[in-house]
Structure formats: C-alpha cells, structure tokens
Amino acid sequence: MNEPDPVLVVDLFPELNKRLLELLDSLSDEEWQAPTVCEGWSIKDLALHLLADEIGNIARRRDAFFDSAALREGEDLSRWPDLVGFINRYNEAWVQATRRISPRLLRDLLAATSNDLHRYFVSLEPFAIGGPVNWAGPAPAPVWLDIAREYTERWLHQQQIRDAAGRPGLTEPRFLSPVLATFARALPHTYRDIDASEGTQIMLTITGESGGTWRVVRARDRWLLTVEAAGHPDAKVTMGQDIAWRLFTKGVSRQQALGQVTLEGDEALAVKLLDAVAIIA
4 MNEPDPVLVV DLFPELNKRL LELLDSLSDE EWQAPTVCEG WSIKDLALHL
54 LADEIGNIAR RRDAFFDSAA LREGEDLSRW PDLVGFINRY NEAWVQATRR
104 ISPRLLRDLL AATSNDLHRY FVSLEPFAIG GPVNWAGPAP APVWLDIARE
154 YTERWLHQQQ IRDAAGRPGL TEPRFLSPVL ATFARALPHT YRDIDASEGT
204 QIMLTITGES GGTWRVVRAR DRWLLTVEAA GHPDAKVTMG QDIAWRLFTK
254 GVSRQQALGQ VTLEGDEALA VKLLDAVAII A
C-alpha cells in the first residue's frame with residue numbers, strides 16, 4: 004500500500020492571504036453585511052472569525068498562552084462534545100464582541116496577523132510530531148498535517164465569503180487540491196467504529212481538476228488511508244470537487260449529498276463515507 008504524500012502548504016499562505024485582502028478590499032458596504040452559509044453570520048462576521056483564528060493561533064502556538072478562564076467547570080477539551088461546545092461558544096463570543104471593528108480596520112488587522120502567523124509556521128519542523136488533528140483522530144499528528152488543517156480553515160472561510168458575495172472561488176488546483184488531500188485524512192477516523200475483515204477497501208474518487216482518488220483499507224486493528232492498494236474495492240464513492248469540500252465541512256448534509264454522488268458496491272460501507280467531517284465546529 005502507498006500512503007498519500009504529505010500535504011505541505013506553508014508556501015501557499017501568503018498568496019491565500021493576499022487573495023483574501025483583495026477580496027475584502029473589493030466589497031461594498033452592503034456586501035460586508037450579506038448573509039453567509041454560517042447561520043447568523045454576515046461576511047463581516049466571517050472575516051472577524053478569521054481574525055480570531057489568526058490571533059488565537061499566534062497566542063496559543065507562538066506564545067504558548069491559553070485563557071483557561073474561558074473553560075466551564077468540568078469541561079475537558081480532550082472530549083469531542085466538550086471541544087465542539089467550547090469552540091462554538093468561544094467563536095460566537097468573539098464575533099459579538101468585535102462587531103464594533105470597522106471593515107477597514109479589520110482588513111488591516113488581518114494583514115498584520117496573517118504575516119505573523121505565516122512566519123511562525125515557517126519556523127516549524129513539518130515532520131515533527133505535534134498535537135492531534137481532532138477530526139483525523141486522537142493520536143498525535145505530524146506538524147505538516149496541523150498546518151494543512153489551518154490552511155483548509157482559511158481556504159474554507161474565504162470560499163464561504165466568495166460564495167456570499169458572488170465572487171469566483173479559489174478552486175484552481177494549487178489552492179483546492181491541498182484542501183481535498185487534507186480532508187481525505189478524515190476517512191480512517193470516519194470508519195473507526197466499522198468492523199470489517201482485514202483487506203476491506205472503500206475507494207473515494209473526487210472528480211475535477213483538483214480531485215484525486217484515495218482508498219481506506221482495513222488493517223488488522225484499524226483503518227488506513229492509501230492512494231493505491233492491491234485488490235478490488237468493496238465499495239466506491241464518486242463525487243465532484245465542489246460537493247466534496249462542502250460535504251466535508253457540513254456545507255451540505257448527507258441527505259443532500261446523496262443526490263449528487265455515485266455509490267457502488269457495499270452500500271453500507273459506501274454511504275458511511277458521507278459522514279466524513281474535516282472541521283470541528
């Protein structure tokens with residue numbers, strides 16, 4: 004079996020950030036207030052959330068600072084429900100508190116924080132082992148996967164802003180291919196509770212210029228992700244790149260996705276793939 008190549012995206016952050024700033028500069032006053040797919044949040048709110056991501060990452064990662072007072076009594080961030088609840092609550096509190104920031108100031112703050120965070124990411128050893136990427140599993144993950152997860156977060160929210168403002172998306176392969184390759188790392192964790200005989204395979208094919216093919220293969224005691232494996236897959240799932248990134252980020256439900264994907268082989272194994280999630284909140 005051949006494991007997928009690491010997703011190395013540090014060099015993409017400056018261009019992704021540049022495209023975000025150009026996008027924000029192009030928005031009218033009315034567009035800043037346009038609703039987005041994130042319920043209750045406008046384009047400005049989503050940009051404020053991106054600023055929170057930048058500031059939070061710099062404080063937590065570079066400066067090793069965490070505001071433990073934000074935790075509720077008994078809350079344990081190693082438990083998935085507690086983590087999701089904490090992040091949703093924290094995100095909403097930030098947006099509510101920062102709506103007084105003007106669009107111009109917000110744009111300038113993002114320009115500063117994105118540069119600082121990129122410099123920090125450049126300083127890291129990508130193949131060192133860091134903390135877990137929760138949606139990929141509880142085990143410590145390589146730093147490159149953690150950085151790739153941060154890249155997908157920024158790509159996703161910029162894409163949501165572009166959708167809301169009616170602007171073209173960043174779907175060129177150099178931007179979207181790393182997103183989909185990172186999201187594929189969620190597949191073994193998606194199947195973690197599915198018991199199957201050793202060698203069972205599920206193949207995912209994402210069509211489009213930025214797509215690819217991955218297989219989830221059952222080993223003795225766990226599922227593994229590979230791009231190539233011997234034998235015929237027991238189930239196949241095929242979907243377009245646009246529905247793929249939306250599915251993995253809860254932009255469409257499993258039921259909505261069913262009408263836009265092709266399932267072959269073992270239906271129970273195939274449909275389970277539609278539960279894959281590559282975000283936390």
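Heads up: the sequence shown begins at 4 in this note's numbering, then just goes up one per residue.
Backbone N, C-alpha and C fix where the C-beta goes; we use that ideal spot for every residue, glycine too.
Annotation for Thr193: the continuous alpha helix (DSSP H) segment containing it runs 190 to 193. Note on Thr265: under 16 other CB atoms within 10 angstroms of its CB, so exposed under the neighbour-count rule.
For Gly215, the enclosing beta strand (DSSP E) has its first and last residue at 215 to 221.
Ranking Glu231, Pro191, Val255, Trp35 by CA distance to the CA of Asp245 puts Val255 first. In the structure shown, Val255 falls within a coil segment according to DSSP collapsed to helix, strand and coil. Every candidate beta strand (DSSP E) stretch fails here, since none sits fully inside the segment 134 to 188 while reaching 3 residues.
Residue pairing by DSSP places Ile209 opposite Gly215, Met242 in a beta bridge.
Contact annotation: Gly215 and Gly243 have beta-carbon atoms that are not nearer than 8 Å. In this structure, DSSP gives Ile90 a helical state, which the three-state scheme calls helix. Nearest in C-alpha terms to Ala168, of all of Ala131, Ile150, Asp28, is Asp28. When C-beta atoms of the segment 112 to 119 are compared with those of the segment 44 to 59, three or more pairs fall below 8 Å, so the two segments count as touching.
Rounded to whole angstroms, the gap between the alpha carbons of Thr193 and Pro141 is 12 Å.
By the C-beta density criterion, His235 is exposed, having fewer than 16 other C-beta atoms within 10 angstroms. Taking the Cα of Arg221 as reference, the smallest distance to any Cα among Gln204, Ala273, Asp149, Leu30 is reached at Gln204. Here Gln163 has Thr39, Val40, Cys41, Leu49 as same chain residues with Cβ atoms under 7 Å from its own Cβ, once five neighbours each way along the sequence are excluded. In terms of Cβ geometry, Ala144 and Ala189 do not form a close pair [threshold 8 Å]. Taking all protein chains shown into account, Glu201 has fewer than 16 neighbouring C-beta atoms within 10 Å of its C-beta and is therefore exposed. With a cutoff of 8 Å on beta-carbon distance, Ile150 and Val12 are scored as near each other. Per the DSSP secondary-structure output, Trp226 pairs in a beta bridge with Arg221.
Per DSSP, the continuous alpha helix (DSSP H) segment holding Gly59 begins and ends at 46 to 60.
Comparing C-alpha distances from Ile282 to each of Asn118, Pro191, Lys253 shows the shortest one belongs to Lys253. Leu276: not part of any alpha helix (DSSP H); DSSP gives it neither H nor E. The residues Val146, in chain order, have a CB closer than 6 Å to that of Leu127 in the same chain once the five nearest residues on each side in sequence are set aside. In terms of CA proximity to Lys275, Ile197 leads the group Gln259, Leu15, Leu26, Ile197. In the three-state scheme derived from DSSP, where H, G and I count as helix and E and B as strand, Glu128 is classed as coil. DSSP, read as helix, strand or coil, puts Val264 in strand.
With fewer than 16 other Cβ atoms inside 10 Å of its own Cβ, Asp32 counts as exposed.
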